[in-house]
Amino acid sequence: MAESDARAAAPSAAKYRSRPYNAGFAALAGTTIEWYDFFIYGTAAALVFREVFFPPDINPVVGTIVAFGTTSFGYFGRPIGALIFGHLGDRIGRKPVLIFTLLLMGLGTVGIGLLPSYATVGPLAPLLLILLRLIQGIAMGGEWGGAALLAIEHAPAGRRSFFGSFAQLGSSVGATLSSAVFAVSEHIGDGLLAGSWRIPFIASAVLVVIGLIVRVSVGESPEFQRSRDALELTAAPIREVFKAPKLLFIGIGMMLVATGGYYVTSSFYLAFATDQAGVKSDTILNALTLAGLVEIVFVLVGGWLGDRWKPQNVVAIGVVGIAVVAIPLYLTAQTRSFAMITIMLMITAVFTGFNYGPIAAALASIFPTRFRYSGTSLAYQGAALTAGALTPIILPSLLGVAGGNPVLIFLYLIVLCGITVACVLATRKLSVWDAALTEKGAAANA
Numbered sequence: 002m003a004e005s006d007a008r009a010a011a012p013s014a015a016k017y018r019s020r021p022y023n024a025g026f027a028a029l030a031g032t033t034i035e036w037y038d039f040f041i042y043g044t045a046a047a048l049v050f051r052e053v054f055f056p057p058d059i060n061p062v063v064g065t066i067v068a069f070g071t072t073s074f075g076y077f078g079r080p081i082g083a084l085i086f087g088h089l090g091d092r093i094g095r096k097p098v099l100i101f102t103l104l105l106m107g108l109g110t111v112g113i114g115l116l117p118s119y120a121t122v123g124p125l126a127p128l129l130l131i132l133l134r135l136i137q138g139i140a141m142g143g144e145w146g147g148a149a150l151l152a153i154e155h156a157p158a159g160r161r162s163f164f165g166s167f168a169q170l171g172s173s174v175g176a177t178l179s180s181a182v183f184a185v186s187e188h189i190g191d192g193l194l195a196g197s198w199r200i201p202f203i204a205s206a207v208l209v210v211i212g213l214i215v216r217v218s219v220g221e222s223p224e225f226q227r228s229r230d231a232l233e234l235t236a237a238p239i240r241e242v243f244k245a246p247k248l249l250f251i252g253i254g255m256m257l258v259a260t261g262g263y264y265v266t267s268s269f270y271l272a273f274a275t276d277q278a279g280v281k282s283d284t285i286l287n288a289l290t291l292a293g294l295v296e297i298v299f300v301l302v303g304g305w306l307g308d309r310w311k312p313q314n315v316v317a318i319g320v321v322g323i324a325v326v327a328i329p330l331y332l333t334a335q336t337r338s339f340a341m342i343t344i345m346l347m348i349t350a351v352f353t354g355f356n357y358g359p360i361a362a363a364l365a366s367i368f369p370t371r372f373r374y375s376g377t378s379l380a381y382q383g384a385a386l387t388a389g390a391l392t393p394i395i396l397p398s399l400l401g402v403a404g405g406n407p408v409l410i411f412l413y414l415i416v417l418c419g420i421t422v423a424c425v426l427a428t429r430k431l432s433v434w435d436a437a438l439t440e441k442g443a444a445a446n447a
């Protein structure tokens, strides 16, 4: 009897086998590509899109606002992706959805690299740019939540923050790759405006193939499989999310800096430093690349610390740090010193790592398995639709109102950081995993 029980248990254990490092690297590979694709758009919008896709006689300030404004269409697409792919991820599984979103992102990115300019097709050029940006956004809307959950739900208890940071690491690696590739492309041929800006977009096709190979090799989430086999899945996960609006709004609030704050300290900082402070673009790109390497390390450090101090506490430290260092970061741009700019960007990268690393586990912890993909995706993309979509438009507008003085940008960032810290700290008692451990301990004591 004991032998038959052991034989019956063996397939079950194998079926739900966790492979945390495999899942972590699969999440890292996919999100690196997704974020690389998303970030090269922001870099190109700051450096060349005004000249390539819009009328040559457009006012420079208006042109910058419009070029950055097209990034918002990616954010408009993200809630659509969250609704579609969140539902599918909670119904059919994390893995198949992640494979499709990766292909969709590759389609949008390579398409942008092949687009004709305004000089060739006129107003059709920006319209096609917006359409492909929207496709990028839809893909991203379904990507992040699934990648984070694949890593977190494969992770052992007490290590979820660290393994969740692998998905977040993709943001830092993708940003670093995008800066590095643009820094190289700038010196190919006659420069970015002559057409070398297309290289980072077209090169994404190679990265997508690599990402697919890695992702196909990973098994489905054990937590999802257990819920499916126990018939605990829901037919309408989106409805379940909206039946718990408190969780959704707290989740949106805690992601505001992760989605909107990036533009303050990266893409828009690039535009500010080159346009307002007169820093050479290759100086900023090289500095961002070095800072990205620091961020990669501290995303993992932040995830590791999150398992020891609670992920919410580490995220709060990172967000407060970002608010504090933003002022000297912008002031340092006026020095035009590569060393000073790089040092300030590296300090910013440390706090960004503390924010990014543990936040996936903190967000996922407030939603139960049966609608976790939908909940995390909608919360993240809800923040993207607000802070993420509006920030690229708000920042140049605030700079224009202040006559080139970034003081209003600092105030805007402080507001985002304040809301984020309040929401992050509110989640410390909402973790479904902590609740399950408490119930298990109470049952054992009884």
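Numbering (this note's numbering) for the sequence shown: 2 to 447. Ideal Cβ positions, reconstructed from N, Cα and C, are used throughout, including at glycine.
Excluding sequence positions up to five away, which residues of its chain have a Cβ less than 7 Å from the Cβ of Leu417?
Here residue 417 corresponds to residue number 416 of the sequence shown, with the count starting at 1. Within the same chain, Cβ atoms closer than 7 Å to the Cβ of Leu417 are found at Leu257, Val258, Gly261, Gly262 and Ala388, the five residues on either side in sequence being excluded.
Inspect the beta-carbon positions of Ala168 and Ala148 and report whether they are closer than 8 Å. The sequence position of residue 168 within the sequence shown is 167, counting from 1. The sequence position of residue 148 within the sequence shown is 147, counting from 1. Result yes, Cβ atoms of Ala168 and Ala148 sit closer than 8 Å.
Practice problem: Keeping to the same chain, check which residues put their C-beta closer than 6 Å to that of Phe352; ignore five residues upstream and five downstream. | Solution: For the purposes of this step, residue 352 is identified with residue 351 of the sequence shown, where counting begins at 1. Within the same chain, Phe352 has close Cβ partners Gly319, Gly322 and Ile323.
Checklist entry - According to DSSP, is Ser338 helix, strand or coil? => result Here residue 338 refers to the residue found at position 337 of the sequence shown. Look at Ser338 here: in three-state DSSP terms it is coil, with no helix or strand label.
Worksheet item: Is Gln277 helix, strand or coil by DSSP?
Response: Residue 277 sits at position 276 when you count from the first residue of the sequence shown. Gln277 falls in the coil class under three-state DSSP.
Check: Hey, Arg134 and Tyr42 are a contact pair by Cβ (cut 8 Å); roughly how many whole angstroms apart?
Finding: Translated into the one-based positions of the sequence shown, residue 134 becomes position 133. Translated into the one-based positions of the sequence shown, residue 42 becomes position 41. Cβ atoms of Arg134 and Tyr42 come within 8 Å of each other, at about 7 Å.
Practice task
Could you have a look at His188 and say whether DSSP puts it in helix, strand or coil?
Solution key: Here the question's residue 188 lines up with position 187 in the sequence shown. Coil, per DSSP.
Top-ranked residue by Cα proximity to Glu35, from Gln277, Gly175, Gly112 and Asn60: On the sequence shown, position 34 is the one that residue 35 refers to. The candidate whose alpha carbon is nearest that of Glu35 is Gly175.
Legend entry - Local conformation of Ser172 per DSSP, three classes: Mapped onto the sequence shown, residue 172 falls at position 171. In the structure shown, Ser172 falls within a helical segment according to DSSP collapsed to helix, strand and coil.
**Request:** In the DSSP assignment, find the unbroken alpha helix (DSSP H) run with Ile498 in it and report its ends.
**Result:** Given a span of 2 to 447 for the chain in the structure shown, any question on residue 498 remains unanswerable.
Q.
Would Gly143 and Ile85 be called neighbours here (beta carbons separated by less than 8 Å)?
A. Counting from 1 along the sequence shown, the entry for residue 143 is found at position 142. Counting from 1 along the sequence shown, the entry for residue 85 is found at position 84. With contacts defined by Cβ atoms closer than 8 Å, Gly143 and Ile85 form a contacting pair.
Alpha carbons only, please: which of Ala278, Phe183 and Pro238 is nearest the one belonging to Ala83? Within the sequence shown, the letter at position 82 stands for residue 83. When only C-alpha atoms are compared, the closest one is Pro238.
Of the residues Ala68, Ile348 and Val422, the one placed nearest Tyr119, counting alpha carbons only: In the sequence shown, counting from the first residue as 1, residue 119 sits at position 118. In terms of Cα proximity to Tyr119, the closest of Ala68, Ile348 and Val422 is Ala68.
Let's test the definition: count the other Cβ atoms within 10 Å of the Cβ of Gly279 and tell me whether it reaches 16, buried, or not, exposed.
Here residue 279 refers to the residue found at position 278 of the sequence shown. Of the other Cβ atoms in all chains shown, fewer than 16 fall within 10 Å of the Cβ of Gly279; this residue is therefore exposed.
Can you tell me whether DSSP reads Lys430 as helix, strand or coil? Numbered from 1 along the sequence shown, position 429 holds the residue referred to as residue 430. Of the three classes helix, strand and coil, the one that applies to Lys430 here is helix, per DSSP.
Are Ala390 and Tyr76 close, meaning C-beta to C-beta below 8 Å? Start at 1 with the first residue of the sequence shown, and residue 390 comes out as number 389. Start at 1 with the first residue of the sequence shown, and residue 76 comes out as number 75. Taking the C-beta atoms as reference points, Tyr76 is found nearer than 8 Å to Ala390.
TODO: Compare the C-alpha of Thr336 against each of Leu115, Cys424, Leu306 and Ile285 and name the closest.
DONE: Against the sequence shown, residue 336 aligns to sequence position 335. Of the candidates Leu115, Cys424, Leu306 and Ile285, the one whose C-alpha sits nearest the C-alpha of Thr336 is Ile285.
* To do: Reducing DSSP to helix, strand and coil, say where Asp38 ends up.
  => Against the sequence shown, residue 38 aligns to sequence position 37. DSSP places Asp38 in helix when its eight states are reduced to three.
| said: Let me confirm a value: Arg309 is counted as buried when at least 16 other C-beta atoms fall within 10 Å, else exposed. Which label applies? | reply: In the sequence shown, counting from the first residue as 1, residue 309 sits at position 308. Arg309 counts as exposed, since fewer than 16 other C-beta atoms from the protein chains shown sit within 10 angstroms of its C-beta.
Alpha-carbon spacing of Pro12 relative to Leu108, whole angstroms:
To locate residue 12, count along the sequence shown from 1; it is residue 11. To locate residue 108, count along the sequence shown from 1; it is residue 107. Because the pLDDT at Pro12 is just 45, under 50, the model does not fix this residue reliably, and the value given afterwards should be weighed accordingly. Cα to Cα, the separation comes out at about 39 Å.
Using CA atoms only, rank isn't needed, just tell me which of Arg227, Gly192, Ala181 and Leu116 is closest to Arg92. If you number the sequence shown from 1, residue 92 lands on position 91. Comparing C-alpha distances from Arg92 to each of Arg227, Gly192, Ala181 and Leu116 shows the shortest one belongs to Arg227.
Pro124 lies in the alpha helix (DSSP H); which residues open and close that run?
Residue mapping note: residue 124 aligns to position 123 of the sequence shown, counting from 1. For Pro124, no alpha helix (DSSP H) run applies, since DSSP gives it neither H nor E.
Starting from the Cα of Leu409, find the closest Cα among Thr121, His155 and Thr392 and give me that residue.
Mapped onto the sequence shown, residue 409 falls at position 408. Comparing Cα positions, the closest option is Thr392.
Checklist entry - Taking the C-alpha atoms as reference points, what is the distance between Tyr37 and Pro397? => result Counting from 1 along the sequence shown, the entry for residue 37 is found at position 36. Counting from 1 along the sequence shown, the entry for residue 397 is found at position 396. Each residue's alpha carbon lies about 23 Å from the other.
Would you kindly report the start and end of the unbroken alpha helix (DSSP H) that includes Thr102? To locate residue 102, count along the sequence shown from 1; it is residue 101. Judged by DSSP secondary structure, Thr102 falls within the alpha helix (DSSP H) whose first and last residues are Arg95 to Gly114.
By the three-class DSSP mapping on this structure, what secondary structure does Ser162 have? The residue labelled residue 162 in the question sits at position 161 within the sequence shown. Helix, per DSSP.
Check: Among Phe163, Gly401 and Pro201, which residue has its Cα nearest to the Cα of Gly354?
Finding: Counting from 1 along the sequence shown, the entry for residue 354 is found at position 353. Ranking the options by Cα distance to Gly354, first place goes to Phe163.
Query - Integer Cβ distance of Ser197 from Glu187, believed to fall under 8 Å - result: Looking up residue 197 in the sequence shown gives position 196. Looking up residue 187 in the sequence shown gives position 186. For Ser197 against Glu187, the beta-carbon gap comes to about 7 Å, under 8 Å, which counts as contact.
| message | Can you check which of these residues, Gly212, Val265, Asn23 and Met106, is closest to Ala47 by C-alpha distance? | response | Working through the sequence shown from its first residue, we reach residue 47 at position 46. Out of Gly212, Val265, Asn23 and Met106, Val265 has the C-alpha closest to the C-alpha of Ala47.
message: Quick check on Lys96: buried or exposed, where buried means 16 or more other Cβ atoms within 10 Å of its Cβ?
response: Stepping through the sequence shown from its first residue, residue 96 is reached at position 95. Buried is the call here.
- Query: Sorted by chain position, which residues of the same chain lie with C-beta nearer than 6 Å to Gly358's C-beta, five sequence neighbours on each side aside?
  - Reply: Counting from 1 along the sequence shown, the entry for residue 358 is found at position 357. Around Gly358, the same chain offers Ser166, Gln169, Val300, Gly303 and Gly304 as residues with beta carbons nearer than 6 Å, after the five sequence neighbours per side are excluded.
- Kindly list the residues whose CB is nearer than 8 Å to the CB of Pro434, restricted to its own chain and excluding five residues on each side of it in sequence; keep chain order. Position 433 of the sequence shown holds residue 434. Correcting the residue type first, residue 434 is Trp in the shown sequence and not Pro. Closer than 8 Å at Cβ, skipping near neighbours: Ala158, Arg161 and Ser366.
Exercise for the section: Identify the continuous alpha helix (DSSP H) that holds Glu296 and give its terminal residues. Expected result: The residue labelled residue 296 in the question sits at position 295 within the sequence shown. In the DSSP assignment, Glu296 falls within the alpha helix (DSSP H) that extends over Ser282 to Trp310.
| query | Hey, would you say Ile100 sits closer than 8 Å to Leu213, going by beta carbons? | reply | Sequence index remark: in the sequence shown, residue 100 carries index 99 (1-based). Sequence index remark: in the sequence shown, residue 213 carries index 212 (1-based). Ile100 places its beta carbon less than 8 Å from that of Leu213.
message = What does the Cβ neighbour count give for Phe372, buried or exposed, with the cut at 16 atoms within 10 Å?
response = Residue 372 sits at position 371 when you count from the first residue of the sequence shown. Its Cβ being crowded by 16 or more others within 10 Å, Phe372 is buried.
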